[in-house]
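Going down the list, the sequences are from chains A and B. For the first sequence, the working numbering assigns the number 631 to the initial residue and increments by one for each residue that follows. For the second sequence, the working numbering assigns the number 5 to the initial residue and increments by one for each residue that follows.
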Amino acid sequence: MLNDIFIAPFADMIAAPDFLMQVLWEGLVSGVLYALIALGFVLIFRSSRIFNFAQGIMVVFAALTLVGLHSFGIPAWISVALTLGVMFVLAVSIERVVLRPLVGQPDIILFMATIGITLFLIGGGEIIFGGENKVMITEELGIPTGDTVLEPFGGLLILQHLDITVVVVACALVAALLAFLNYTQMGRAIRALGDDHQAALSVGISLQTVWVLVWFIAGIIALVTGIAWGARAGVSFALEVIAYKALPVLMLGGLESITGAIIGGLMIGLLEKLFEIYWGQPLLGGNTETWFAFVLALIVLLFRPQGLFGERIIERV
Amino acid sequence: MRDTEGYVTADGRQIGGVLMEMKNITLKFGGVTAIQDISFDIHEGEIRAIIGPNGAGKSSMLNVISGFYTPTVGEVWYKGAKRPQMKPYEVARMGVARTFQNIALFEGMTVLDNVMTGRLTHMKSGIAAQALWWGSAQREEIENREVVEKVIDFLEIQNIRKTPVGRLPYGLKKRVELARALAAEPSLLLLDEPMAGMNVEEKEDMSRFILDVNDEFGTTIALIEHDMGVVMDLSDRVVVMDYGKKIGDGTPDEVRNNQDVIDAYLGVAH
Numbered sequence: 631m632l633n634d635i636f637i638a639p640f641a642d643m644i645a646a647p648d649f650l651m652q653v654l655w656e657g658l659v660s661g662v663l664y665a666l667i668a669l670g671f672v673l674i675f676r677s678s679r680i681f682n683f684a685q686g687i688m689v690v691f692a693a694l695t696l697v698g699l700h701s702f703g704i705p706a707w708i709s710v711a712l713t714l715g716v717m718f719v720l721a722v723s724i725e726r727v728v729l730r731p732l733v734g735q736p737d738i739i740l741f742m743a744t745i746g747i748t749l750f751l752i753g754g755g756e757i758i759f760g761g762e763n764k765v766m767i768t769e770e771l772g773i774p775t776g777d778t779v780l781e782p783f784g785g786l787l788i789l790q791h792l793d794i795t796v797v798v799v800a801c802a803l804v805a806a807l808l809a810f811l812n813y814t815q816m817g818r819a820i821r822a823l824g825d826d827h828q829a830a831l832s833v834g835i836s837l838q839t840v841w842v843l844v845w846f847i848a849g850i851i852a853l854v855t856g857i858a859w860g861a862r863a864g865v866s867f868a869l870e871v872i873a874y875k876a877l878p879v880l881m882l883g884g885l886e887s888i889t890g891a892i893i894g895g896l897m898i899g900l901l902e903k904l905f906e907i908y909w910g911q912p913l914l915g916g917n918t919e920t921w922f923a924f925v926l927a928l929i930v931l932l933f934r935p936q937g938l939f940g941e942r943i944i945e946r947v
Numbered sequence: 005m006r007d008t009e010g011y012v013t014a015d016g017r018q019i020g021g022v023l024m025e026m027k028n029i030t031l032k033f034g035g036v037t038a039i040q041d042i043s044f045d046i047h048e049g050e051i052r053a054i055i056g057p058n059g060a061g062k063s064s065m066l067n068v069i070s071g072f073y074t075p076t077v078g079e080v081w082y083k084g085a086k087r088p089q090m091k092p093y094e095v096a097r098m099g100v101a102r103t104f105q106n107i108a109l110f111e112g113m114t115v116l117d118n119v120m121t122g123r124l125t126h127m128k129s130g131i132a133a134q135a136l137w138w139g140s141a142q143r144e145e146i147e148n149r150e151v152v153e154k155v156i157d158f159l160e161i162q163n164i165r166k167t168p169v170g171r172l173p174y175g176l177k178k179r180v181e182l183a184r185a186l187a188a189e190p191s192l193l194l195l196d197e198p199m200a201g202m203n204v205e206e207k208e209d210m211s212r213f214i215l216d217v218n219d220e221f222g223t224t225i226a227l228i229e230h231d232m233g234v235v236m237d238l239s240d241r242v243v244v245m246d247y248g249k250k251i252g253d254g255t256p257d258e259v260r261n262n263q264d265v266i267d268a269y270l271g272v273a274h
């Protein structure tokens, strides 16, 4: 038994390094997507203290809108542009209708409001585009679908072109976001608002503008994730589930930290894959990926309640 | 000697015309009257102080000027026009910068980034240009950086520019807050108790900076302060408040000899 847990898995890893690389690669691909979704959560939380429960459904909604618009006969890339427009209108309406009247209310009320947004988007999406599963318009968007076979250590490593594209696009998006946040005035305004509302107002930052902006960025992230995940698993409301994977990512990385979200996402992606292949399947009958991340997050929370990178909050009583 | 076209101070500085005028300001919170029918003006280029015992309504007055509170009755005139009801960020964009009594800085950001946020009121390029780092946004960033570096040099905080603000001691935080307000190149600078909680040496430093700012950039400054000695040395004219009412207004000497002011500060036998 001890041998199965502590020795055999590592022996397997060393014996077949090409297979290990395959596992790591697949873990990395999901990890990048988790990180991206977590980033959407972090941005909104930092600038408004709202835990956006609707992030998951925004992924589905964006993907549905894209596929739906295309099915009406609109060319693929114009559909993408239109979907971005829809996400922008969504950001403006959420700010106007939901956030603005609730400014200054306790966090829990704003959180409940985002659950409301979730339900609204599920209903709206079904009415407009129908509830049946759809296929992502991968080829129409020009996303490559073949694969490349490498032979490291005389073994076999298959890289799906789709996965490579996902990783490249996601990394580019993350890098662009970080540059925007750190080196532009608008980015500074977003970070500033998260730190201190009063001070932000006093230097001329408009709450409303920044909120629309972060919800729109979250919308863009949702669209990219929706396309990537939709291409791998089809477009359906079940996609929302992958957004819940962002929760353990956030517990690990902390709700405040952008770096935390990225590292947390990659860690969860890699670790859940490794665990599934080397421990889950031989010892537990497989399918551990659905729960592993949550258990890992629980264990981390036991020792570091603020997450690995979150701000430690010391409250005076 | 004093009129709407400006005046000459005791030490011979020429002060400009009226920059801001408060007309019959009353501010009520429910049944509590924080400010009752107060009028005064602030001239261009002067250092104007608002003093008074605790709870006199000084901070409320500053919040009315900076748009955080809307007066129940009364008008605020700025640069010769009546100011409509505005949000604080709109007031900031009209050239009114401020600091806070309990320091409101962006703790997670570096000193440099904090001061850079002071330039947000000067942002002209659109969000799209910023996102894509287009020509105009890039040029602006460089221009802003130049102004910010000048302010940082001026306030002698070069050595901490990359330090996250959360790690700085209190006195330096106050200075960083002043730097952020100055970076906006404001027409009117509001300081809410700039010397609160400082030791003698820090107070002297801060006084010197306030005088230098006024002297070097000609910035109009309105400040609230508890420390009578400091106020009398710094300011050109002083408004004295007590229980929400104005009980004195004039040069430090005039105010010092005002019987109502003496009563308010020292108490009076009933």
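Glycine included, each C-beta is placed from N, C-alpha and C at the ideal position. Since this is a predicted model, take the numbers as computed values, not measurements.
Determine the extent of the beta strand (DSSP E) in which residue i is found, giving its start and end residues.
| i | result |
| --- | --- |
| residue 194 (chain B) | 192-196 |
| residue 23 (chain B) | 22-33 |
| residue 790 (chain A) | 787-790 |
| residue 52 (chain B) | 51-55 |
| residue 226 (chain B) | 224-228 |
| residue 732 (chain A) | No beta strand (DSSP E) holds residue 732 (chain A); DSSP gives it neither H nor E. |
| residue 777 (chain A) | 777-780 |
For the alpha helix (DSSP H) that contains residue i, what are its first and last residues?
| i | result |
| --- | --- |
| residue 818 (chain A) | 815-825 |
| residue 184 (chain B) | 174-187 |
| residue 216 (chain B) | 204-221 |
| residue 700 (chain A) | 685-701 |
| residue 923 (chain A) | 919-933 |
| residue 713 (chain A) | 706-723 |
| residue 833 (chain A) | From DSSP, residue 833 (chain A) is part of no alpha helix (DSSP H); its letter is neither H nor E. |
| residue 256 (chain B) | 256-260 |
I'd like the list of long-range same chain contacts for residue i, defined as Cβ closer than 6 Å, with 5 residues on each side in sequence excluded.
| i | result |
| --- | --- |
| residue 239 (chain B) | 51, 53 |
| residue 672 (chain A) | 888, 891 |
| residue 38 (chain B) | 31, 61, 64, 248 |
Mapping DSSP to helix, strand and coil, what is residue i?
| i | result |
| --- | --- |
| residue 154 (chain B) | helix |
| residue 679 (chain A) | coil |
| residue 44 (chain B) | strand |
| residue 6 (chain B) | Low confidence applies to residue 6 (chain B): its pLDDT is 44, below 50, so where it sits in the model is not reliable, and the reading given next is rough at best. The answer is coil: DSSP assigns residue 6 (chain B) none of H, G, I, E or B. |
| residue 247 (chain B) | coil |
| residue 242 (chain B) | strand |
| residue 903 (chain A) | helix |
| residue 952 (chain A) | Residue 952 (chain A) falls outside the range modelled here, since chain A spans only 631 to 947, and no answer is possible. |
| residue 642 (chain A) | helix |
| residue 269 (chain B) | helix |
| residue 668 (chain A) | helix |
| residue 620 (chain A) | Residue coverage of chain A in this structure runs from 631 to 947, which leaves residue 620 (chain A) outside it and unanswerable. |
| residue 159 (chain B) | coil |
| residue 809 (chain A) | helix |
| residue 73 (chain B) | coil |
| residue 774 (chain A) | coil |
| residue 743 (chain A) | helix |
| residue 760 (chain A) | coil |
Which same chain residues end up closer than 7 Å to residue i when comparing Cβ atoms and leaving out the 5 residues on each side of it in sequence?
| i | result |
| --- | --- |
| residue 923 (chain A) | 875, 878, 898, 902 |
| residue 6 (chain B) | Reliability fails at residue 6 (chain B), whose pLDDT of 44 lies under 50, so the model's placement of it is uncertain and the value that follows must be treated cautiously. Cβ within range, chain order: n/a, list empty. |
| residue 112 (chain B) | 168, 170 |
| residue 931 (chain A) | 881 |
| residue 624 (chain A) | The structure shown does not extend to residue 624 (chain A), since chain A is modelled only from 631 to 947, so the question has no answer here. |
| residue 686 (chain A) | 870, 873, 874 |
Considering only residues of the same chain and omitting the five flanking positions on each side of residue i, which have a CB-CB separation below 8 Å?
| i | result |
| --- | --- |
| residue 663 (chain A) | 796, 800, 855, 858, 859, 872, 895, 899 |
| residue 847 (chain A) | 670, 673, 807 |
The stretch 701-719 of chain A contacting the stretch 654-668 of chain A, beta-carbon criterion three pairs below 8 Å:
no
In the stretch 851-897 of chain A, which residue ranges form an unbroken beta strand (DSSP E) of at least 3 residues, counting only runs that do not cross its ends?
none
List in chain order: all unbroken alpha helix (DSSP H) runs of 4+ residues lying wholly within the stretch 78-123 of chain B.
92-97, 115-121
In the stretch 820-841 of chain A, which residues sit with their C-beta less than 7 Å from some C-beta in chain D, listed in chain order?
Any reference to chain D falls outside this structure, whose protein chains are A and B.
Whether or not the stretch 140-159 of chain B and the stretch 81-96 of chain B are in contact is what I'm after, with contact meaning three or more pairs of Cβ atoms, one per stretch, closer than 8 Å; do they touch?
no
Across the stretch 818-826 of chain A and the stretch 67-81 of chain B, are there enough close Cβ pairs to call them in contact, namely three or more that are closer than 8 Å?
no
Spell out a yes or no on whether the stretch 835-852 of chain A and the stretch 720-729 of chain A are touching, meaning 3 or more CB-CB pairs, one atom from each, closer than 8 Å.
yes
Should the stretch 20-37 of chain B be called in touch with the stretch 77-87 of chain B, which here means at least 3 C-beta pairs below 8 Å?
yes
Mind the definition here: the stretch 195-203 of chain B touches the stretch 219-227 of chain B only if three or more C-beta pairs lie below 8 Å; say whether that holds.
yes
Could you say if the stretch 210-221 of chain B and the stretch 117-125 of chain B meet the contact criterion of at least three C-beta pairs nearer than 8 Å?
no
Three Cβ pairs or more, each shorter than 8 Å: is that satisfied between the stretch 752-763 of chain A and the stretch 690-703 of chain A?
yes
Can you confirm whether the stretch 631-645 of chain A touches the stretch 772-788 of chain A when touching is taken to mean that 3 or more C-beta pairs between the two stretches lie within less than 8 Å?
no
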